[in-house]
Amino acid sequence: MEKWYVIQTKPKKEEEATNYLSNKGVEIFSPLIESFVYRNGKVSKELRPLFPGYIFGRFDLEVNYPLVRWGRGVKCVLGFGGYPVPLADEVIVIIKNRTDERNIVRIRRDFKPNDLVRITSGPLKDLIGIFDRWVSDRERVRILLNLIGYQPEVELHYSMLEKVA
């Protein structure tokens, strides 16, 4: 009977293990997360594993365990007492409901006008401002910085902000 298991991969080998096991007929679920990195004055988008070093596989333990355990890029199948323990199907369903058709989880930030925000990266890091509005199809935002007697408008990528409690 096929059940879901957590497969630990070798460091940075999630994609290799996913491709190998998928080609061997094992159903694999490897969710990714969309993240933004600020480098050299530019914001770039990256797709990284949601759970670095782990993927989910659905297989029959009695039939496919050696194939999975000794698969390319696989370190082990997580378990207890040396025996792999299956995952509840509900766990996979919950994670799949938060992903799109390409298994990508996108972090949604709901900024509203007049929210107090902090800049988390870039040359203006740690400055506090007031959220003004979304600009250009919800990728960039405009904030008003709190400076001495002056509130300049600054446009940033939304991933560079966090709400201040």
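Using this note's numbering, the first residue of the sequence shown is number 61, and each one after it goes up by one. In this text, a Cβ means the ideal position worked out from N, Cα and C, and glycines have one as well.
The stretch 122–132 makes contact with the stretch 76–93: 3 or more CB pairs, one atom from each, lie closer than 8 Å. Proximity of the stretch 211–224 to the stretch 176–185 meets the contact definition, three or more beta-carbon pairs being nearer than 8 Å.
Beyond the five residues adjoining it in sequence on each side, residue 103 comes within less than 8 Å, by CB distance, of 96, 97, 217, 219 and 220 in the same chain, given in chain order.
Within the stretch 118–154, the complete alpha helix (DSSP H) runs of at least 4 residues fall at 121–129. In terms of Cβ geometry, residue 188 and residue 202 do not form a close pair [threshold 8 Å]. With contacts defined by Cβ atoms closer than 8 Å, residue 63 and residue 108 do not form a contacting pair.
Taking the Cβ atoms as the reference, residue 212 lies roughly 11 Å from residue 192, outside the contact range of under 8 Å. With contacts defined as CB atoms closer than 8 Å, residue 71 and residue 165 fail to qualify as a contacting pair. With respect to the C-alpha of residue 145, the residue from 100, 121 and 157 having the closest C-alpha is 121. At the C-beta level, residue 147 and residue 224 stay beyond 8 Å of one another. Taking residue 206 as the centre and dropping the five residues before and after it, the same chain places the C-beta of 187, 188, 189 and 190 closer than 8 Å to its C-beta, in chain order. Pairing residue 67 with residue 128 gives a Cβ-Cβ distance under 8 Å.
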